[in-house]
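Engineer: Shown below is the structure under consideration.
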């Protein structure tokens, strides 16, 4: 008797391919979320290390945060830090690690802003609190020290920033990428981002939960207000 080789029919192959495609469509987003969750955890760990360095710095400098300098290119270069001390470069002697100042989820900004081995960050300083003494802050566990940016760069800058130094006003505590688009800040991980507070602790926040008061600003507004609005420091 002759044996016959059993083979899949075209219909059977198409059914198998369809099942594989359905399973892939179900599982790939799950895998992507798991990967992003791992990156979010790594980013949170980075911020906790920055927070520990911040606490050591303030103990050494009479309970005062690092000096205010905005838009510091090559912020981690020792020569630059000596000339323009900033909210991240001042902490490096305590962290001993230049690789904790950016989130693994974000891309490089590219161009003139491209990261280099010494200076690379995706964290934004909070202008109302940088350079301030902790004694004037009534609730340091509720006031942001740094938040996240959607990409990484070779310079450190402030958001919110000083709008008018003489008037003591600030703006851009949130900033959309375009009309009706996502916010540039604290929107890196699943509709939110990690935030470091002035008392050194860090946690995840949904972007929609952020308010101007989180940055020590008054009046107290949600993220839906005009990003160009001017605020004053609440303390």
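In the working numbering, the protein residues as written are 13 to 247. Note that beta-carbon positions come from the ideal geometry of N, C-alpha and C, so glycine has one too.
Leaving out the 5 sequence neighbours to the left and right, which residues in its chain are closer than 7 angstroms to residue 220 when beta-carbon positions are compared?
Structural biologist: Closer than 7 angstroms at the Cβ level, and outside the excluded window around residue 220, lie 235.
Engineer: What would DSSP say about residue 87, mapped onto helix, strand or coil?
Structural biologist: If DSSP states are grouped into helix, strand and coil, residue 87 belongs with coil.
Engineer: DSSP three-state label for residue 31, please.
Structural biologist: Three-state DSSP puts residue 31 in a helix.
Engineer: Beta carbon of residue 96, beta carbon of residue 139: below 9 angstroms?
Structural biologist: Not closer than 9 angstroms, so no.
Engineer: In chain order, what residues of the same chain lie with their CB nearer than 6 angstroms to the CB of residue 233, ignoring the 5 residues before and after it?
Structural biologist: Result list for residue 233: 224, in chain order.
Engineer: May I ask you to report which of helix, strand or coil DSSP gives residue 206?
Structural biologist: DSSP places residue 206 in strand when its eight states are reduced to three.
Engineer: Can you tell me where the beta strand (DSSP E) with residue 181 in it begins and where it stops?
Structural biologist: It spans 181 to 183 - the beta strand (DSSP E) in which residue 181 sits, taken as one unbroken run.
Engineer: Look at residue 248 and residue 212 and say whether their C-beta atoms are less than 9 angstroms apart.
Structural biologist: Examination of residue 248 is not possible in this model, given that the chain is present from 13 through 247 alone.
Engineer: One question on the structure: do residue 117 and residue 89 come within less than 9 angstroms of each other, judged by their Cβ atoms?
Structural biologist: For residue 117 and residue 89, no; Cβs fall outside 9 angstroms.
Engineer: With DSSP as the reference, label residue 134 as helix, strand or coil.
Structural biologist: Residue state, collapsed to three classes: strand.
Engineer: Assuming residue 167 and residue 83 make a contact with CB atoms under 8 angstroms, what is their CB distance in whole Å?
Structural biologist: With 8 angstroms as the limit, residue 167 and residue 83 qualify as a contact, their Cβ atoms being about 6 angstroms apart.
Engineer: Looking at C-beta atoms only, is the number of pairs between the stretch 19 to 38 and the stretch 180 to 187 that lie closer than 8 angstroms three or more?
Structural biologist: No: the two stretches stay apart, fewer than three of their Cβ pairs being nearer than 8 angstroms.
Engineer: Taking its Cβ as the centre, do 16 or more other Cβ atoms sit within 10 Å of residue 141, making it buried, or is it exposed?
Structural biologist: Answer is buried; the Cβ neighbour count reaches 16.
Engineer: Can you tell me whether residue 49 is helix, strand or coil according to DSSP?
Structural biologist: The answer is helix: DSSP assigns residue 49 an H, G or I state.
Engineer: With 16 as the cutoff for other CB atoms within 10 Å, does residue 113 come out buried or exposed?
Structural biologist: Buried, because 16 or more other Cβ atoms sit within 10 Å of the Cβ of residue 113.
Engineer: Could you tell me which of 144, 188, 70 and 214 sits nearest to residue 228, measuring between CA atoms?
Structural biologist: When only C-alpha atoms are compared, the closest one is 144.
Engineer: Start and end of the beta strand (DSSP E) containing residue 244?
Structural biologist: Looking at the DSSP string, the run of the beta strand (DSSP E) that includes residue 244 is 243 to 245.
Engineer: Going by the CB atoms, is the gap between residue 107 and residue 62 shorter than 9 angstroms?
Structural biologist: Yes; because the gap between Cβ atoms is below 9 angstroms, this pair is in contact.
Engineer: Apply the 10 Å Cβ neighbour rule to residue 148 and answer buried if 16 or more other Cβ atoms are within range, or exposed otherwise.
Structural biologist: Label assigned to residue 148: exposed.
Engineer: What separation, rounded to the nearest whole angstrom, lies between the Cα atoms of residue 208 and residue 24?
Structural biologist: When rounded, the distance between both Cα atoms is 55 angstroms.
Engineer: Let's see if you can read the secondary structure: which residues bound the alpha helix (DSSP H) around residue 197?
Structural biologist: Neither: residue 197 is in no alpha helix (DSSP H) and is coded neither H nor E.
Engineer: Excluding five sequence neighbours on each side, which residues of the same chain lie with their C-beta closer than 7 angstroms to the C-beta of residue 151?
Structural biologist: Cβ within range, chain order: n/a, list empty.
Engineer: Can you pull the DSSP bridge partners for residue 174?
Structural biologist: In the DSSP output, where bridge partners are listed per residue, residue 174 has 182.
Engineer: For residue 73, does the count of other Cβ atoms within 10 angstroms reach 16, so buried, or fall short, so exposed?
Structural biologist: Counting Cβ neighbours within 10 Å, residue 73 comes out exposed, since fewer than 16 surround it.
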